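Take the sequence shown: its position 26, counted from the start at 1, is 696 in our numbering, and no numbers get skipped.
Following: one structure in C-alpha coordinates, then a few remarks.
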Amino acid sequence: MMKKIINCFPRIVTLGMIMMNENNAKINKKIVLLGLDNAGKTSILKTVKNQMSPESTKNLKPTKGLNIEEMEINNEKIVVWDLGGQISFRQEYIKRQDYYFSYVDSIIYVIDIQDPDRYEESFKYLLEIISVIKLQKLVPKFLVFLHKSDPDYQKSKTYEELYQDLSEKIKKIFHPLRFSAEIFKTSIYSEVELNQILKRI
671 MMKKIINCFP RIVTLGMIMM NENNAKINKK IVLLGLDNAG KTSILKTVKN QMSPESTKNL
731 KPTKGLNIEE MEINNEKIVV WDLGGQISFR QEYIKRQDYY FSYVDSIIYV IDIQDPDRYE
791 ESFKYLLEII SVIKLQKLVP KFLVFLHKSD PDYQKSKTYE ELYQDLSEKI KKIFHPLRFS
851 AEIFKTSIYS EVELNQILKR I
(Lines of atoms letter the chains of each structure in order from A and count residues from 1; the text may use other names and numbers.)
(Lines give C-alpha, C1' and ligand atoms only; values in the text may rest on other atoms or scores of the structure.)
Protein backbone atom coordinates (compact mmCIF):
# COMPACT_ATOMS: atom_id res chain seq x y z
CA MET A 1 0.00 0.00 0.00
CA MET A 2 2.82 2.37 0.77
CA LYS A 3 4.14 2.10 -2.79
CA LYS A 4 0.88 3.63 -3.97
CA ILE A 5 1.68 6.66 -1.87
CA ILE A 6 5.02 7.02 -3.60
CA ASN A 7 3.48 6.77 -7.05
CA CYS A 8 0.76 9.29 -6.28
CA PHE A 9 3.06 11.65 -4.43
CA PRO A 10 6.55 11.51 -5.95
CA ARG A 11 7.49 14.29 -3.54
CA ILE A 12 6.49 14.25 0.09
CA VAL A 13 6.08 17.88 1.05
CA THR A 14 5.73 19.55 4.38
CA LEU A 15 5.72 23.29 3.76
CA GLY A 16 2.03 24.01 3.49
CA MET A 17 1.39 20.79 1.55
CA ILE A 18 0.79 17.61 3.53
CA MET A 19 0.88 14.07 2.22
CA MET A 20 -2.00 11.78 3.08
CA ASN A 21 -1.61 8.06 3.63
CA GLU A 22 -4.08 5.39 2.53
CA ASN A 23 -6.21 6.06 5.63
CA ASN A 24 -6.34 9.81 4.90
CA ALA A 25 -4.15 10.53 7.92
CA LYS A 26 -1.89 13.54 7.64
CA ILE A 27 1.83 12.89 7.30
CA ASN A 28 3.64 15.82 8.87
CA LYS A 29 7.32 14.97 8.46
CA LYS A 30 9.63 13.04 6.18
CA ILE A 31 12.74 11.41 7.64
CA VAL A 32 15.41 9.73 5.53
CA LEU A 33 17.40 6.94 7.19
CA LEU A 34 20.81 6.39 5.59
CA GLY A 35 24.07 4.50 6.05
CA LEU A 36 26.02 1.57 4.68
CA ASP A 37 24.55 -1.90 4.42
CA ASN A 38 24.64 -3.78 7.73
CA ALA A 39 24.88 -0.55 9.73
CA GLY A 40 21.67 -1.47 11.56
CA LYS A 41 19.21 1.04 10.08
CA THR A 42 16.21 -1.25 9.69
CA SER A 43 16.90 -2.87 13.06
CA ILE A 44 16.59 0.57 14.67
CA LEU A 45 13.28 1.15 12.92
CA LYS A 46 11.81 -2.24 13.78
CA THR A 47 12.92 -1.94 17.41
CA VAL A 48 11.50 1.53 18.08
CA LYS A 49 8.23 0.51 16.44
CA ASN A 50 8.12 -2.57 18.69
CA GLN A 51 7.76 -4.76 15.62
CA MET A 52 10.75 -6.92 16.53
CA SER A 53 12.84 -7.64 19.59
CA PRO A 54 16.53 -6.67 19.47
CA GLU A 55 17.55 -10.33 19.26
CA SER A 56 15.17 -11.15 16.41
CA THR A 57 16.54 -8.31 14.26
CA LYS A 58 19.66 -10.43 13.75
CA ASN A 59 17.61 -12.41 11.22
CA LEU A 60 16.70 -9.36 9.14
CA LYS A 61 17.77 -9.48 5.52
CA PRO A 62 19.43 -6.42 3.96
CA THR A 63 16.99 -3.76 2.78
CA LYS A 64 16.84 -3.69 -1.00
CA GLY A 65 16.30 -0.14 -2.16
CA LEU A 66 13.54 1.86 -0.51
CA ASN A 67 11.49 0.71 2.47
CA ILE A 68 8.84 3.10 3.80
CA GLU A 69 7.47 2.98 7.33
CA GLU A 70 5.02 5.20 9.19
CA MET A 71 5.32 5.98 12.88
CA GLU A 72 4.21 8.56 15.40
CA ILE A 73 6.66 10.80 17.27
CA ASN A 74 5.58 13.62 19.58
CA ASN A 75 1.98 13.11 18.43
CA GLU A 76 2.97 13.73 14.81
CA LYS A 77 2.63 11.30 11.94
CA ILE A 78 6.08 10.63 10.51
CA VAL A 79 7.04 8.82 7.32
CA VAL A 80 10.49 7.22 7.37
CA TRP A 81 12.31 6.43 4.14
CA ASP A 82 14.69 3.60 5.05
CA LEU A 83 17.24 3.44 2.23
CA GLY A 84 19.18 0.21 1.75
CA GLY A 85 22.93 0.72 1.95
CA GLN A 86 24.37 -1.53 -0.76
CA ILE A 87 26.56 0.41 -3.18
CA SER A 88 24.28 -0.06 -6.21
CA PHE A 89 21.38 1.47 -4.28
CA ARG A 90 23.53 4.31 -2.95
CA GLN A 91 24.42 5.27 -6.49
CA GLU A 92 20.74 5.30 -7.38
CA TYR A 93 19.87 7.66 -4.52
CA ILE A 94 22.51 10.14 -5.64
CA LYS A 95 21.42 9.86 -9.26
CA ARG A 96 17.75 10.41 -8.39
CA GLN A 97 18.32 12.82 -5.55
CA ASP A 98 15.33 15.00 -6.47
CA TYR A 99 13.07 12.06 -5.69
CA TYR A 100 14.72 10.73 -2.56
CA PHE A 101 15.73 13.95 -0.82
CA SER A 102 13.21 16.61 -1.80
CA TYR A 103 11.43 18.19 1.15
CA VAL A 104 13.18 16.06 3.73
CA ASP A 105 12.78 17.34 7.30
CA SER A 106 15.38 15.19 9.03
CA ILE A 107 18.21 12.88 8.06
CA ILE A 108 19.52 10.10 10.26
CA TYR A 109 22.91 8.79 9.19
CA VAL A 110 23.95 5.51 10.80
CA ILE A 111 27.57 4.43 11.25
CA ASP A 112 28.42 0.98 12.60
CA ILE A 113 30.97 1.83 15.29
CA GLN A 114 31.89 -1.86 15.56
CA ASP A 115 33.09 -1.99 11.94
CA PRO A 116 36.24 0.17 11.71
CA ASP A 117 37.19 -1.44 8.39
CA ARG A 118 34.30 0.47 6.79
CA TYR A 119 34.72 3.85 8.47
CA GLU A 120 36.37 5.33 5.38
CA GLU A 121 33.60 4.05 3.11
CA SER A 122 30.94 5.37 5.48
CA PHE A 123 32.51 8.84 5.65
CA LYS A 124 32.76 8.93 1.86
CA TYR A 125 29.03 8.20 1.61
CA LEU A 126 28.29 10.81 4.28
CA LEU A 127 30.14 13.43 2.22
CA GLU A 128 28.12 12.43 -0.85
CA ILE A 129 24.89 12.92 1.10
CA ILE A 130 26.06 16.33 2.30
CA SER A 131 26.85 17.31 -1.30
CA VAL A 132 23.30 16.37 -2.27
CA ILE A 133 21.86 18.43 0.58
CA LYS A 134 23.90 21.46 -0.45
CA LEU A 135 22.90 21.04 -4.10
CA GLN A 136 19.23 20.73 -3.15
CA LYS A 137 19.61 23.78 -0.88
CA LEU A 138 18.16 21.91 2.06
CA VAL A 139 18.67 22.66 5.74
CA PRO A 140 17.49 19.47 7.41
CA LYS A 141 17.86 18.39 10.99
CA PHE A 142 20.80 15.97 10.84
CA LEU A 143 21.42 13.19 13.35
CA VAL A 144 24.44 10.88 13.23
CA PHE A 145 24.06 7.59 15.08
CA LEU A 146 27.28 5.89 16.15
CA HIS A 147 25.34 2.68 16.23
CA LYS A 148 25.92 -0.70 17.82
CA SER A 149 27.26 1.13 20.87
CA ASP A 150 25.93 -1.81 22.82
CA PRO A 151 26.28 -1.72 26.63
CA ASP A 152 28.90 -4.49 26.70
CA TYR A 153 30.86 -2.97 23.81
CA GLN A 154 31.03 0.38 25.56
CA LYS A 155 32.98 -1.34 28.35
CA SER A 156 35.76 -2.37 25.95
CA LYS A 157 39.14 -0.64 26.09
CA THR A 158 38.91 0.66 22.53
CA TYR A 159 35.35 2.00 22.53
CA GLU A 160 35.81 5.46 24.02
CA GLU A 161 38.79 6.20 21.79
CA LEU A 162 36.83 5.15 18.69
CA TYR A 163 33.83 7.19 19.77
CA GLN A 164 35.85 10.35 20.40
CA ASP A 165 37.77 9.99 17.13
CA LEU A 166 34.62 9.50 15.06
CA SER A 167 32.85 12.37 16.81
CA GLU A 168 35.73 14.76 16.07
CA LYS A 169 35.78 13.78 12.41
CA ILE A 170 32.03 14.33 12.12
CA LYS A 171 32.24 17.73 13.81
CA LYS A 172 34.98 18.82 11.40
CA ILE A 173 32.87 17.79 8.41
CA PHE A 174 29.84 19.76 9.57
CA HIS A 175 31.66 22.80 10.98
CA PRO A 176 31.61 24.89 7.75
CA LEU A 177 28.05 23.94 6.77
CA ARG A 178 24.77 25.82 7.15
CA PHE A 179 23.41 22.98 9.24
CA SER A 180 24.94 21.02 12.10
CA ALA A 181 24.76 17.42 13.19
CA GLU A 182 23.83 15.93 16.53
CA ILE A 183 25.87 12.86 17.38
CA PHE A 184 24.49 10.02 19.46
CA LYS A 185 25.62 6.68 20.85
CA THR A 186 22.86 4.25 19.92
CA SER A 187 22.04 0.60 20.42
CA ILE A 188 18.96 -1.51 19.81
CA TYR A 189 19.57 -2.86 23.31
CA SER A 190 18.91 0.62 24.70
CA GLU A 191 15.37 1.12 23.42
CA VAL A 192 14.40 3.84 25.88
CA GLU A 193 17.36 5.98 24.86
CA LEU A 194 16.61 5.39 21.17
CA ASN A 195 13.05 6.57 21.61
CA GLN A 196 14.20 9.65 23.51
CA ILE A 197 16.64 10.52 20.73
CA LEU A 198 13.97 10.19 18.06
CA LYS A 199 11.79 12.66 19.94
CA ARG A 200 14.38 15.31 19.06
CA ILE A 201 13.54 15.03 15.37
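Note that CB positions come from ideal geometry on N, CA and C, so glycine has one too.
Values in this document were obtained by computation on a predicted structure and should not be read as measured data.
Just the Cα atoms here: how many angstroms apart are residue i and residue j?
| i | j | result |
| --- | --- | --- |
| G705 | D822 | 23 Å |
| V774 | T733 | 20 Å |
| K841 | K827 | 23 Å |
| L805 | V750 | 22 Å |
| E830 | L796 | 22 Å |
| S860 | P846 | 32 Å |
| R788 | L730 | 20 Å |
| D768 | K825 | 42 Å |
| I800 | Q761 | 14 Å |
So what's residue i in DSSP terms, helix, strand or just coil?
| i | result |
| --- | --- |
| F812 | strand |
| N737 | strand |
| L805 | helix |
| E725 | coil |
| L706 | coil |
| V774 | coil |
| F849 | coil |
| K731 | coil |
| S764 | Contrary to the premise, residue 764 reads as Ile rather than Ser in this sequence. Residue state, collapsed to three classes: helix. |
Taking the CB atoms as reference points, tell me whether residue i and residue j lie closer together than 8 Å.
| i | j | result |
| --- | --- | --- |
| V780 | G735 | no |
| K765 | M741 | no |
| I843 | P724 | no |
| K699 | S772 | no |
| L868 | I743 | yes |
| K855 | S819 | yes |
| T727 | L864 | no |
| Q756 | D835 | no |
| N737 | T712 | yes |
| L832 | P786 | yes |
What is the C-beta distance between residue i and residue j, in whole angstroms, given that I count them as a contact (C-beta under 8 Å)?
| i | j | result |
| --- | --- | --- |
| V702 | L753 | 7 Å |
Do three or more CB pairs link the stretch 837-856 to the stretch 811-825 at distances below 8 Å?
Taking one beta carbon from each stretch, the stretch 837-856 and the stretch 811-825 have 3 or more pairs nearer than 8 Å; the two touch.
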